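Here is the structure we will look at, set down as structure tokens.
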Amino acid sequence: MLKPSPQVMATPKPLASPEKEVRFTRATQGRLFLVLAAFLLALALGVVVLATQGTEFEAPRWEGYLWTALFPLFGAWVMLRLAVRCIRHAYLIFTPLGIEIFPLFRPEANMQLVLWSVIDSVECDQNLRRLLIHYTAEKSAGVMVSLAPILPAQRELLRALVTSLAAQRATASPTL
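Here the sequence shown stands for residues 284 to 459, where the numbers follow my numbering.
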């Protein structure tokens with residue numbers, strides 16, 4: 284009887300046609316979580332040193348408190364897992380079907396798909412802070428997506444993508 288191997292972390296599924304979609308990840312948030320993980324790891328190391336190292340004249344300052352290093356070590360592990368998740372998994376995916384928006388927690392249950400047939404226009408604001416997806420020509424209904432989790436260099440690529448999509452839609456191309 285074959286047992287399924289335990290999977291440590293969910294991995295992205297292979298794509299049927301990757302040339303037809305553009306993915307943007309939460310790399311900026313991942314970078315922040317990596318810095319926090321390094322800080323907590325250094326804090327845990329400092330606690331270990333204070334709990335185990337003394338001099339020939341005095342005992343370690345935190346003698347008997349080595350177990351307290353587990354708290355920042357656990358925090359570092361959690362931050363590292365969050366960083367890997369943010370860097371590996373998509374935040375926004377532009378597909379031929381529409382725009383997929385994934386939240387950080389429980390993306391499989393809370394993912395939002397905005398179909399191209401529903402979208403009237405897509406634009407980025409001047410500062411590249413938000414992606415505005417309009418459902419109507421009056422721009423009174425739609426979705427606003429924060430671009431803060433995306434790296435600044437990738438925001439420029441997103442602006443180029445949105446500009447090219449707007450140009451394609453202006454020529455009334457049947458592909459979108």
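Note that beta-carbon positions come from the ideal geometry of N, C-alpha and C, so glycine has one too. Being a predicted model, the structure only gives us computed values, none of them experimental.
| query | result |
| --- | --- |
| Within 7 Å: the Cβ of L375 and any heavy atom of the ligand GTP? | Ligands are entirely absent from the displayed structure, and the ligand GTP is therefore not among its contents. |
| Suppose you measure from the CA of T458 to the CA of P379; what does that come to, to the nearest Å? | Confidence in T458 is poor, its pLDDT being 49 and thus under 50, which makes the residue's placement too unreliable to answer from. |
| What does the Cβ neighbour count give for Y374, buried or exposed, with the cut at 16 atoms within 10 Å? | buried |
| Quick one: residues in its chain with C-beta nearer than 6 Å to the C-beta of L415, no 5 flanking neighbours on either side, listed in chain order? | E406, M427 |
| Run through the DSSP bridge pairs and tell me what I376 is partnered with. | R306, E383 |
| Indicate the three-state DSSP secondary structure (helix, strand or coil) for T454 in the structure shown. | coil |
| Rank T335, I433, A453, S400 by C-alpha distance to the C-alpha of Y418 and give the top, closest one. | S400 |
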